[in-house]
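Take a look at the structure below.
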Amino acid sequence: MTDVKIRPVTQADFDEWMRMRLALWDEEPAVMLIAEMKDMLENPLTPVFVAERGNGKLGGFLEGGVRRYAEGCDTSPVAYVEGWYVDPDLRSQRIGRRLMEAMESWAREHGFAELASDTWLENEISQKAHLALGFEECERIITYRKVLGPPKSPAPLGLSLQEWTARIHAFVRSKGWYEPESPRPQTPRNLAISLSLEANEVLEHFQWHDQPQNQDELASELADVALYLLQLASVTKIDLEQAILKKLEMNMERSWD
Ligand SMILES: CC(C)(COP(=O)(O)OP(=O)(O)OC[C@H]1O[C@@H](n2cnc3c(N)ncnc32)[C@H](O)[C@@H]1OP(=O)(O)O)[C@@H](O)C(=O)NCCC(=O)NCCS
């Protein structure tokens with residue numbers, strides 16, 4: 164397909180990139196996928212190339228990186244293909260090949276002598292594609308894990324309100340809820356109702372109690388309120404940060420008694 168353009172990813176691609184990452188790594192927690200994307204956008208050694216469709220949407224991506232060691236390679240560090248994906252409707256049209264060529268050019272320009280990659284044993288198409296693109300198979304490895312106990316709470320992501328909002332849109336879009344025939348139309352009215360319902364669910368935690376009885380469940384309700392609040396502000400084109408600042412300033416001037 165000639166009108167598909169291969170180019171480096173930008174912040175504006177976040178929603179579409181996230182959609183494709185969710186399709187490739189459907190078992191990974193979304194919060195981890197988001198944290199990785201933020202890191203990749205900021206790190207010059209994690210190039211990401213995307214295939215842009217003629218209609219402005221994306222149709223594939225390749226995420227690259229640099230590893231200190233890669234199985235079967237003679238050099239260190241090594242440029243590495245960390246993720247490679249093409250939307251089903253665009254497959255077998257050489258988009259994957261063009262994404263890989265972009266990564267190869269990046270690796271050469273950055274002085275790497277080898278490009279490494281991996282795939283799953285059962286992913287025969289990916290294996291064939293790698294071989295067709297000039298990779299040679301080096302090793303087959305077995306991976307292990309040992310559970311060490313419950314994880315500590317994840318470190319805060321440090322995202323801005325705008326970044327959170329972009330991630331909410333990516334999630335809603337990935338579920339198809341922005342589509343015209345969606346069973347959950349994301350209209351301002353529906354979002355306002357949802358916001359209010361979730362706020363009422365917060366109250367449930369205090370019925371007959373002055374203190375919350377379950378901290379985790381309360382946290383989950385507050386998160387629902389925050390998510391709907393950010394989405395409602397966004398779809399009604401309200402800059403929530405500015406609105407909060409303005410409100411705080413007004414409150415500073417105001418007296419209550
Ligand atoms: C692997 C993947 C990225 C390839 O993308 P693609 O755009 O379909 O690949 P291309 O059309 O550029 O094909 C490149 C080569 O791969 C081989 N190939 C691609 N699809 C193939 C298929 N279904 N069967 C056999 N070989 C295939 C061809 O030899 C092709 O060479 P050619 O250009 O000389 O015909 C795509 O199939 C995909 O997204 N798969 C699901 C996600 C995945 O498995 N990613 C890889 C994880 S490591």
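The sequence shown lines up with residues 164 to 420 when you count with the working numbering.
Built from N, CA and C at the ideal position, the CB exists for glycine as well.
Since we're looking at a predicted model, the values are computed, not measured.
Considering only DSSP beta bridges, list what residue i is partnered with.
| i | result |
| --- | --- |
| I169 | A214 |
| A279 | Y243 |
| L221 | E215 |
| R230 | V241 |
With distance defined between alpha-carbon atoms, name the residue in the options nearest to residue i.
| i | options | result |
| --- | --- | --- |
| I258 | D176, A292 and L322 | A292 |
| W247 | F224, R254 and K400 | F224 |
| P251 | A333, W419 and A186 | A186 |
| Y391 | V335, A406 and M413 | V335 |
| F212 | S255, A198, R261 and W188 | R261 |
| P171 | E191, N206, E190 and P192 | N206 |
| C301 | L320, T328, A279 and Q394 | A279 |
| L296 | S255, I305, L311 and H332 | S255 |
| S383 | E364, P319, A233 and D202 | E364 |
| F177 | I305, P319, E326 and S316 | E326 |
| E272 | A406, P210, A333 and Q394 | P210 |
| S357 | D387, W371, A333 and D373 | D387 |
Identify, in the order they occur along the chain, each residue of the same chain with its Cβ nearer than 7 Å to the Cβ of residue i, setting aside the five sequence neighbours on each side.
| i | result |
| --- | --- |
| F275 | V241 and A242 |
| Q290 | T282 |
| A233 | V241, Y243 and A279 |
Under 8 Å Cβ to Cβ from residue i, same chain only, skipping five residues before and after it: list those, please.
| i | result |
| --- | --- |
| K220 | E179 |
| R303 | L284 |
| S345 | G339 |
| F369 | P375 |
Between residue i and residue j, what straight-line distance do the alpha-carbon atoms span, to the nearest angstrom?
| i | j | result |
| --- | --- | --- |
| A362 | D379 | 16 Å |
| F298 | T238 | 16 Å |
| G235 | D281 | 11 Å |
| R330 | M200 | 11 Å |
| W269 | L324 | 33 Å |
| S397 | E215 | 25 Å |
| E245 | E226 | 5 Å |
| D166 | G217 | 6 Å |
| L196 | L385 | 22 Å |
| L403 | R231 | 43 Å |
| T173 | E367 | 42 Å |
| K400 | P192 | 29 Å |
Leaving aside the five residues before and after residue i along the sequence, list all residues of the same chain whose C-beta is less than 6 Å from its C-beta, in chain order.
| i | result |
| --- | --- |
| V249 | G223, I258 and G259 |
| L253 | G222 |
Does any C-beta atom of chain B lie closer than 8 Å to the C-beta of residue i?
| i | result |
| --- | --- |
| P346 | Structure shown: chain B not included; a single protein chain is present. |
* Asked: What are the start and end residues of each continuous alpha helix (DSSP H) run of 4 or more residues lying completely inside the stretch 245 to 314, in chain order?
  -> 258 to 272 and 287 to 295
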